[in-house]
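Listed in order, the protein sequences are those of chains Y and G. Its first residue numbered 27, the first sequence is counted upward by one per residue in my numbering. Its first residue numbered 27, the second sequence is counted upward by one per residue in my numbering. Here a beta-carbon is modelled for each residue, glycine too, at the ideal position from N, C-alpha and C. Here the structure is a predicted model, which means the values were calculated and not measured. Here is the structure we will look at.
Number of protein chains: 2
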Amino acid sequence: MGRWEPDARDRLVRAALDLFGEQGYENTSVVQIAERAGLTKSTFFRHFRDKREVLFGGQEALAELMTGAIAAAPEDTRPLGLVEAALAAAAAPFTDEQRAIGPRRLVVIAGNDELRERAALKSAGFAVAMTDAMLRRGVAEQEAAVAAQLGVLAFDRSYETWLETGGDLVEVARRVLGDVRATARELTA
Amino acid sequence: MGRWEPDARDRLVRAALDLFGEQGYENTSVVQIAERAGLTKSTFFRHFRDKREVLFGGQEALAELMTGAIAAAPEDTRPLGLVEAALAAAAAPFTDEQRAIGPRRLVVIAGNDELRERAALKSAGFAVAMTDAMLRRGVAEQEAAVAAQLGVLAFDRSYETWLETGGDLVEVARRVLGDVRATARELTA
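See the structure below:
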C-alpha cells in the first residue's frame with residue numbers, strides 16, 4: 027500500500043457505497059468503484075478481495091482481537107467477563123469514518139439476500155471464535171456457547187446503537203452487554 | 027405433485043446428497059440430481075427452487091410454525107415459554123428420513139462457504155421470526171431478542187443432538203432449551 031494513497035481504503039469504501047446506492051450492489055463492478063475513487067483496479071485488490079469485502083472487510087482481524095482478549099484475560103474471569111473483554115477489544119478500533127458510512131452500509135446489506143447471508147455468517151463466525159477461545163481456557167462447552175451467543179447479540183446491537191448515538195463503541199458495547207445480561211437474568215429467573 | 031411420485035421429494039434429496047458426496051456440491055447439477063432419482067427436471071422444480079433448497083427447504087414452513095405457536099400460546103406465557111412452544115411446534119414435523127440424511131447434510135454444508143452462509147441465515151431468520159412474533163404479543167424488544175437468540179441456539183443444538191441420539195425431536199428440543207436456560211441463568215447470576 028503506497029505512501030501516496032494514504033486514504034485509498036476509505037476512498038474505495040465511500041466510492042463503493044455511493045455506487046451501491048446509486049445503481050445497486052449487483053450492478054456495480056470493481057472497475058467502477060476504483061474509477062469513482064480515482065484509483066486503479068489493482069489498488070482496489072490490494073485492499074479488498076472483491077466488492078463484497080468492501081462491506082465485510084476486517085472480520086478476521088476483529089475475530090482475532092476477540093480471541094486474543096479472551097486468551098489474555100485474568101485466570102478467574104467468568105465467561106461473560108471473557109465476552110466483555112472480547113467485545114471491548116473488537117470495538118476499540120472502530121473509527122468515526124466507519125460510523126459515518128455505517129448507516130449506508132446497513133441499507134445496502136438489508137437490500138440484498140446474498141449480503142444478508144454474509145452478515146449472518148459474520149455474526150456466526152464471531153460466536154464460533156469466542157466459543158473456541160473460551161473452550162481453550164477450559165470453559166464448559168455449553169457455557170461457552172451461550173455466553174458467546176449473548177455476546178454476539180450484544181455486539182450487533184452495540185454497533186447499531188453506536189451508529190445512532192455516537193460516543194465510544196467500547197463503552198456502548200459494555201453497556202449493551204450489561205443490558206443483555208440483565209435481560210437474560212430476568213428471563214431465566 | 028402427481029400421485030405416481032409419492033416419494034419424489036425424498037428420492038430427490040437422497041440423490042442430491044449422494045451426488046454432493048461423490049463429486050461435490052459445486053459440481054452437481056439439477057439435471058444430474060433428477061436423473062439419479064429417476065425423475066425429470068420439471069419434477070425437481072416442483073419440489074425445489076434450486077439445488078441449494080434441497081438442503082434448506084422447509085425453512086419458511088418452520089418459521090411459520092414458530093410464529094403460529096407463539097401467537098397461540100396462553101396470554102400469561104413468559105418469553106422463554108413462548109420460545110419453548112415455538113421450538114416444539116417446529117420440531118414436530120421432523121421425520122426419521124430427515125434424521126437419516128441429517129449427518130450427510132451437515133457434512134455437505136460444512137464443506138462449502140456459500141452453504142455455511144445460508145445455514146447461518148436460516149438460524150438468523152428463525153431468530154427474527156420468533157422475535158417479531160413476541161413483539162406482536164407485546165413482549166419488550168430486548169427480552170424478545172434475547173429469548174429468541176437462546177431459542178435458536180437451543181434449536182440448532184437440538185437438531186444435532188437428535189441426529190446423534192434419535193428419539194422425539196420435540197422432547198429433545200424441550201430438554202436442550204431447559205439446559206440452555208439453566209446455563210444462561212448460571213452465567214448471569
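- Within chain Y, the residues 168 have their CB atoms less than 7 Å from the CB of residue 205 (chain G), given in chain order.
- When the beta-carbon positions are compared, residue 191 (chain Y) and residue 172 (chain G) stay at least 9 Å from each other.
- Relative to residue 69 (chain G), the option among G:157, G:60 and G:76 whose CA is nearest is G:60.
- The C-alpha of residue 185 (chain Y) is placed about 14 Å away from the C-alpha of residue 112 (chain Y).
- Close partners of residue 43 (chain G) in chain Y (Cβ separation under 7 Å) are lacking, with about 22 Å as the shortest Cβ gap.
- At a Cβ-Cβ threshold of 9 Å, residue 189 (chain Y) and residue 151 (chain Y) do not count as neighbours.
- In the three-state reduction of the DSSP assignment, residue 122 (chain G) falls in the helix class.
- Nearest Cα to residue 115 (chain Y) within the set Y:135, Y:149 and Y:199: Y:199.
- Contact between residue 175 (chain Y) and residue 175 (chain G) holds: CB atoms are separated by about 6 Å, below the 8 Å threshold.
- Ranking Y:183, Y:166, Y:137 and Y:203 by CA distance to the CA of residue 49 (chain Y) puts Y:137 first.
- A residue is called buried when at least 16 other Cβ atoms come within 10 angstroms of its Cβ; residue 214 (chain G) meets this threshold and is buried.
- Residue 105 (chain G) reaches chain Y at 213, counting residues in chain order whose Cβ is nearer than 7 Å.
- Contact of residue 147 (chain G) with chain Y by beta-carbon distance below 7 Å involves 142, 143 and 146.
- Residue 113 (chain Y) carries a helical assignment under DSSP once its states are collapsed to helix, strand and coil.
- Considering only G:94, G:54 and G:75, the residue with the shortest C-alpha distance to residue 163 (chain G) is G:94.
- Within the model, the alpha-carbon separation for residue 37 (chain G) versus residue 141 (chain G) is close to 21 Å.
- At a cut-off of 9 Å, the C-beta of residue 173 (chain G) has a neighbouring C-beta in chain Y.
- Take residue 39 (chain Y), set aside five residues on each side of it, and the residues of its chain with a beta-carbon closer than 7 Å to its own are 80 and 127, in chain order.
- Residue 194 (chain Y) sits in coil when the DSSP states are folded into three classes, being neither helix nor strand.
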